[in-house]
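As you go down the protein sequences, you meet chains A and B in turn.
No gaps in the numbering here: position 84 of the first sequence is 85 in our numbering, and each next residue is one more.
No gaps in the numbering here: position 177 of the second sequence is 178 in our numbering, and each next residue is one more.
Number of protein chains: 2
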Amino acid sequence: MPKLVDHEERRAHIIDALLRAAASDGLHAVTMRSVAIGAGVSVRLVQYYFDTKEQLLLAAMERLAVRMGERVRRRVGERVGAAGSSTAPRPRDVVEAVLLEAVPTDEESRTFHLVYTEYAVLSVTDPALAGQRFLAAPDEMEAFLVAQLTAAREAGDTDPRMDARQEAVVLLAASAGLGLSVLLGQRTADDATAAVRYHLGRLFHPAR
Amino acid sequence: MPKLVDHEERRAHIIDALLRAAASDGLHAVTMRSVAIGAGVSVRLVQYYFDTKEQLLLAAMERLAVRMGERVRRRVGERVGAAGSSTAPRPRDVVEAVLLEAVPTDEESRTFHLVYTEYAVLSVTDPALAGQRFLAAPDEMEAFLVAQLTAAREAGDTDPRMDARQEAVVLLAASAGLGLSVLLGQRTADDATAAVRYHLGRLFHPAR
DNA sequence: CACTTGATGGTATGTTTGTACCATAAAAGA
DNA sequence: TCTTTTATGGTACAAACATACCATCAAGTG
Chain A
2 MPKLVDHEER
12 RAHIIDALLR
22 AAASDGLHAV
32 TMRSVAIGAG
42 VSVRLVQYYF
52 DTKEQLLLAA
62 MERLAVRMGE
72 RVRRRVGERV
82 GAAGSSTAPR
92 PRDVVEAVLL
102 EAVPTDEESR
112 TFHLVYTEYA
122 VLSVTDPALA
132 GQRFLAAPDE
142 MEAFLVAQLT
152 AAREAGDTDP
162 RMDARQEAVV
172 LLAASAGLGL
182 SVLLGQRTAD
192 DATAAVRYHL
202 GRLFHPAR
Chain B
2 MPKLVDHEER
12 RAHIIDALLR
22 AAASDGLHAV
32 TMRSVAIGAG
42 VSVRLVQYYF
52 DTKEQLLLAA
62 MERLAVRMGE
72 RVRRRVGERV
82 GAAGSSTAPR
92 PRDVVEAVLL
102 EAVPTDEESR
112 TFHLVYTEYA
122 VLSVTDPALA
132 GQRFLAAPDE
142 MEAFLVAQLT
152 AAREAGDTDP
162 RMDARQEAVV
172 LLAASAGLGL
182 SVLLGQRTAD
192 DATAAVRYHL
202 GRLFHPAR
């Protein structure tokens with residue numbers, strides 16, 4: 002046999018080229034050739050590792066979904082660590098961290114969220130993409146928020162009449178909407194961040 | 002001359018075919034041929050009325066933007082009328098009407114919002130679509146909401162410490178996010194509506 | 001009645017796309 | 001050493017696309 006290459010690494014390299022292409026020219030403009038050029042390989046190689054274009058798109062989407070989970074978990078982890086290893090983090094800080102993940106700040110997160118959104122919209126009309134793992138991440142986050150909000154309410158940090166489930170739905174929708182408006186260039190990331198903080202300030206009473 | 006046709010009507014007819022095609026197969030899959038077939042005319046006719054595909058897409062987008070304005074204004078008008086011709090409508094009802102416009106209920110509004118969203122996302126990467134009237138409608142709505150919220154606060158219907166501008170931003174983002182989640186099939190229209198109502202219930206005190 | 005002009009159909013063309021096919025170098029196993 | 005398998009390149013091909021071109025019919029105008 003020849004070089005005996007690490008397949009997963011090669012696939013990841015090609016997928017990254019696809020994501021770059023999708024972010025700069027749009028997911029609809031992604032072509033086997035443009036991906037190959039972006040990855041610095043021949044079209045034949047892309048075929049070799051992904052057989053068909055549809056499978057390439059599928060694989061890229063799965064990678065995005067995995068990354069989304071990692072991103073959110075990392076954000077939460079940072080907050081947990083920042084509060085010191087012994088103290089439990091305040092629910093408000095954890096919730097803020099999760100919500101702010103949806104706001105694209107640097108170029109890297111902008112790219113990520115743009116392509117993620119392109120996929121989400123595409124999945125509505127494309128049967129091959131439909132019913133994919135797009136729903137898992139949001140559902141997971143919703144359950145997580147409900148738990149945090151419930152804890153906060155029982156600790157007396159919010160209005161006792163607050164409905165944790167409804168509030169989680171609204172928070173998630175607001176952060177998604179704010180992130181989208183930043184992508185569309187309607188708002189700056191700072192404005193979106195300020196809006197999230199304002200809203201959380203109204204939701205949470207000062208502890209004690 | 003021949004039949005002497007109403008150009009605007011013909012153009013509207015073709016654009017409607019484009020919107021249907023975009024809603025069912027995705028904006029990226031829209032082709033001169035599919036539009037022509039959908040409109041029941043020859044490809045040559047589409048060329049005749051819109052010259053190039055880019056101009057066709059542009060014209061359809063403009064039509065969407067105009068419709069969006071009409072939709073919102075109609076919603077507000079309904080609320081104003083429902084309260085009786087002499088009484089001023091309660092800000093809460095007006096705000097609710099505006100926000101619920103973003104939630105797709107029947108098939109017609111689902112089609113409309115889906116294509117609108119497809120255009121919005123496309124405009125991020127497509128230079129021909131960039132910097133278009135997408136921003137006008139949201140800005141207008143934001144100003145409108147700020148005015149309503151300010152009036153409500155001054156009438157004592159909300160917490161006096163409420164920041165009308167920040168609150169408007171959050172409300173707009175939440176309704177956009179909820180509408181999107183309905184399009185993506187994550188939530189039902191009823192759930193989204195309930196979330197909007199819940200949030201407004203917390204924002205507005207009962208008048209008096 | 002001739003003629004111009006608006007509205008339409010059909011077809012040709014050049015380009016781009018995804019994919020299939022053919023070839024080959026190189027390493028490992030017999 | 002011969003053969004099989006892995007990784008790669010190049011090219012060919014049919015389909016689809018946007019667009020340009022050529023033709024025709026009908027309705028008003030002179």
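Idealized CB from N, CA, C, for every residue including glycine.
- In the three-state reduction of the DSSP assignment, residue 159(B) falls in the strand class.
- Per the C-alpha coordinates, the member of 156(A), 185(A) and 95(A) positioned closest to residue 137(B) is 185(A).
- Residues of the region 171-188 of chain A with a C-beta less than 9 Å from any C-beta of chain B: 171, 172, 173, 174, 175, 176, 177, 178, 179, 180, 181, 182, 184, 185, 186, 187 and 188, listed in chain order.
- According to the DSSP secondary-structure assignment, residue 205(B) is paired through a beta bridge with 159(B).
- Inclusion of residue 197(A) and residue 123(A) in the CB contact set at 8 Å is not warranted, their separation being larger than that value.
- Counting only the Cα atoms, residue 183(A) lies some 27 Å from residue 35(A).
- Of all residues in the region 26-57 of chain B, only 26, 27 and 29 place a beta-carbon less than 7 Å from a beta-carbon of chain A.
- Burial is judged here by how many other beta carbons sit within 10 angstroms of a residue's own beta carbon; residue 5(A) has fewer than 16 and is exposed.
- For the region 126-147 of chain A, the beta-carbon criterion of a distance under 9 Å to any beta-carbon of chain B is satisfied by 126, 127, 131, 132, 135, 136, 139 and 140.
- Contact of residue 122(A) with chain B by beta-carbon distance below 7 Å involves 118, 119 and 122.
- Between residue 195(B) and residue 168(A), the alpha-carbon positions lie close to 11 Å from each other.
- Residues of the region 150-164 of chain B with a Cβ closer than 7 Å to any Cβ of chain A, in chain order: 164.
- As for any alpha helix (DSSP H) of minimum length 4 sitting wholly inside the region 2-53 of chain A, the runs are 8-26, 33-40 and 44-51, ordered along the chain.
- A straight-line Cα-Cα distance of about 32 Å links residue 155(A) and residue 135(A).
- If you check the CB distance, residue 20(B) and residue 57(B) do not come in under 8 Å.
- Around the C-beta of residue 114(B), 16 or more other C-beta atoms lie within 10 Å, and the residue is accordingly described as buried.
- Interface criterion met: the Cβ of residue 196(B) is under 8 Å from a Cβ in chain A.
- At least one C-beta of chain B is nearer than 8 Å to the C-beta of residue 115(A).
- Within the model, the alpha-carbon separation for residue 175(A) versus residue 181(B) is close to 11 Å.
- The C-alpha of residue 149(A) is placed about 6 Å away from the C-alpha of residue 92(A).
- When the Cα atoms are used, residue 70(B) and residue 27(A) turn out to be separated by approximately 27 Å.
- What residue 206(B) touches in chain A, judged by beta-carbon distance under 8 Å, is nothing: the nearest beta carbon there is about 13 Å away.
- Cβ-Cβ separation between residue 179(A) and residue 96(A): approximately 14 Å, too far for a contact (criterion under 8 Å).
- Here DSSP, grouped into helix, strand and coil, assigns residue 56(B) to helix.
- For residue 166(B), same chain residues with a beta-carbon under 7 Å away, outside a window of 5 residues either side, are 147 in chain order.
- Contact between residue 90(B) and residue 74(B) is ruled out by a C-beta separation of about 14 Å, above the 8 Å threshold.
- The beta carbon of residue 39(B) sits closer than 7 Å to the beta carbons of 18, 21 and 22 from its chain, once the five residues preceding and following it are set aside; these are given in chain order.
- If only uninterrupted alpha helix (DSSP H) runs of at least 4 residues are considered, those enclosed by the region 117-205 of chain A are 137-155, 165-184 and 190-204.
- A residue is called buried when at least 16 other Cβ atoms come within 10 angstroms of its Cβ; residue 37(B) meets this threshold and is buried.
- Apart from sequence neighbours up to five positions away, the residues of its chain that approach residue 98(B) with a beta-carbon distance below 8 Å are 76, 77, 79 and 80, ordered along the chain.
- The C-alpha of residue 173(A) lies about 7 Å from the C-alpha of residue 143(A).
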